[in-house]
Amino acid sequence: MKQPRSAPEKFDARTIAKSVTVFFVNYVLLFALIFLFILLNSLSEENKGFVQYLQEDLTDLVYLLVSIFILFVIIYFYFLFENRQSLQTAKSIWLIFILLDVSIVVCYFFGFFFNVYSRPVAMLALLALLLLSRRAAIFLNVIFALMMFAIDHFSNFTLTDVNANAAAATPLLTFAAGMVGIYVGSRVKTRVCSFLTGFAVCVPLLIMIACLEYGSGMQLLYAMLFGLEAGICSAVLFMALLPVFEVCFNCITDYRLRELTDHDAPLMRELKERAFGTFNHCIVVAHLAEACAIALNEDTALARAAAYYHDVGKLRQPEFFTENQSGYNPHNELSPELSVDIIRSHAKDGYELIRNRRLPKVLADVALQHHGTMPIKYFYAKALKMTDGEVNMDDFSYPGPKPQTKIAAIIMIADASEAISRSLPDRTPERVESAVREIIQERVDLEQFDECDITMRDLTAIKEAIVNCLTGVYHSRISYPKLKLGRKDAEGGKSNG
Ligand SMILES: [Fe+2]
Ligand SMILES: [Fe+2]
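The opening residue of the sequence shown carries number 951 in my numbering; numbering runs sequentially from there.
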């Protein structure tokens, strides 16, 4: 499941026990499904009955049980060492194994009712690519190929001569189709284009089927047609199942992030209509955050979406925020304490709004953390002036939490940099650089980055990326001459050619 890379890891004995339990439940579930297919398959004419199968091939069933178990253990240890975050919640472990379960069921359904070559073997790789990561997709594709091989060889599924060739080549067919799916799928940017991935997947399938069935006459033609269907069905089923997984597991894929950052997404449209100043601010922050994410090799789509949604809490009372005011400032009639309460509540309101709309939690977390525990300086200074210095700074600060991930830290810096750059009287690169440096230094001094693993090198890269972007936004232009032109000038211009 897509998550900010630097989320802190809490992996204690309880988490291990929970993840191992979910692992065993899934193992039992998958084996029950395979057993069901063996039972169904024993009803077909080509195979012996179920009782006879159990009497004669009980050893095969034990081999199958053991090989699936070994592959499950390998999966568990892969995620334990390579991507521990995936084992932190039961939901993310379920996602990994449900992906495998669904893929096995779909493939054997196609194999049972159509043909062994018609199995949509690249579906798992495509789903894992979007829902987990490219690395996890490559790994699961290998495991899936081996799992299919074990099932084909130790069950009663492909014992007929017609299926023998396909069964022997199962690992190669599955692996090659899945890898092509991963390479092509990772370059595709929209859901519609992902349909074309299916045609790319057909290429290795058709080449291998042609080699396997060469010289078998009409059977080659049928096998090729089934291979074509396998590639296309891999993409179609991937497109059909992806939104189901996104909703059931509240996953954030690049597709979903792109849809969320569409200016017509419900919350974005509301922001545009009711708080246009905040909407514009979010767009500039998104440009800055994207540049920072590139500099830090973080997830750019996630940084962009987090920036778009970081201030949605301002929708509750948009007129209390400077960027939405045009002349009248309601804070002039309020005490600094009341003003601070309204201003700082936008972080919590944003968190609640995002969660209530069932949008990804990672966006809600960034909204809650983007001001950390920073003081609201304007009202703190106002209160100091009114009370002769007897004010507690904590009463004028955001309640936190501080940024927990690099993405949240990026949004914190980009947000403040955008706000300060608007107030700069001169926006020369030197002045912008000094302002951004001060923003970062102030947050380092106030220990805002203590709870995320951002380094000084990262902060320097963030500063450079923001300065480059801001100087691009506010680049100097030649000043226009103060001439007032009218109809007479136009007529004169025409006569003069
Ligand atoms: Fe904010
Ligand atoms: Fe902001």
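Don't be surprised by glycine CBs; every beta carbon is placed ideally from N, CA and C.
These figures come from a predicted structure and were not determined experimentally.
Given a length threshold of 4 residues, each whole run of the alpha helix (DSSP H) inside the segment 1100-1185 is given here in chain order: 1111-1135 and 1144-1162.
Checking the 6 Å criterion, the Cβ of Asp1365 is within range of a heavy atom belonging to ligand 2. Ligand 1 has a heavy atom closer than 6 Å to the beta-carbon of Asp1261. Looking from the CA of Val1056, the closest CA among Gly1422, Phe1047, Thr1039 and Leu1074 belongs to Leu1074. The Cβ atoms of Tyr1258 and Ala1225 do not sit closer than 7 Å to each other. Counting only runs of 4+ residues, the alpha helix (DSSP H) found wholly inside the segment 1223-1311 occupies 1226-1245, 1250-1259 and 1286-1306, in chain order. Annotation for Gly1128: Ala1072, Ala1075 and Asn1091 place their beta carbon closer than 6 Å to its own, counting only its chain and skipping 5 residues before and after. Secondary structure note for Arg964: its alpha helix (DSSP H) is the uninterrupted segment Ala963 to Asn991. Residues of the same chain with a CB within less than 7 Å of the CB of Val1417, apart from the 5 flanking positions on each side, are Pro1379, Val1382, Glu1383 and Val1386 in chain order.
With a threshold of 16 other beta carbon atoms within 10 Å, Met1168 falls short and is exposed. Taken through DSSP and simplified to helix, strand or coil, Pro1325 comes out as strand.
Nearest Cα to Arg1084 within the set Gly1131, Arg1307 and Ala1243: Gly1131. When the five nearest sequence neighbours on each side are left out, no beta carbon in the same chain lies closer than 6 Å to the beta carbon of Val1197. Around the CB of Ser1373, fewer than 16 other CB atoms lie within 10 Å, so the residue is classed as exposed. Sixteen is the threshold: since fewer than 16 other Cβ atoms of the shown chains lie within 10 Å of the Cβ of Asn1342, the residue is exposed. Excluding the 5 residues flanking it on each side, Arg1141 has same chain C-beta neighbours closer than 7 Å at Met1189 and Tyr1205, in chain order.
Distance between Ile984 and Leu1011, taken at the CA atoms: about 10 Å. In the structure shown, Ser1083 adopts coil according to DSSP, grouped into three states. Contact check between the segment 1344-1360 and the segment 1322-1336: three or more CB pairs, one atom from each, fall below 8 Å, which counts as touching. Checking the DSSP bridge columns, you'll see Ser1347 partnered with Pro1325.
Under the DSSP assignment, Gln1398 falls outside any alpha helix (DSSP H); it carries neither an H nor an E label.
In the three-state scheme derived from DSSP, where H, G and I count as helix and E and B as strand, Pro1070 is classed as coil. Minimum Cα-Cα distance from Asp1365 among the listed residues Tyr1278, Glu1273, Gly1277 and Tyr1133 corresponds to Glu1273. Annotated as distal: Ile1093 and Leu980, with beta-carbon spacing of 7 Å or more.
Between Leu1221 and Thr1211 the beta-carbon gap is near 12 Å, outside 8 Å, which marks them as no contact.
Assignment of Val1092 by DSSP, reduced to helix, strand and coil, places it in the helix class. Counting every other CB atom within 10 Å of its CB across the protein chains shown gives Gly1422 a total below 16, marking it as exposed. Per DSSP, reduced to three states, the secondary structure at Gln1038 is coil, with no helix or strand assignment.
The closest CA to that of Glu1388, considering only Ile1370, Phe1195 and Cys1242, is found on Ile1370. Here DSSP, grouped into helix, strand and coil, assigns Thr1355 to coil. Judged by their CB atoms, Phe1270 and Pro1286 are not nearer to each other than the 7 Å cut-off. By the 16-neighbour rule on beta-carbons within 10 angstroms, Tyr1164 is exposed.
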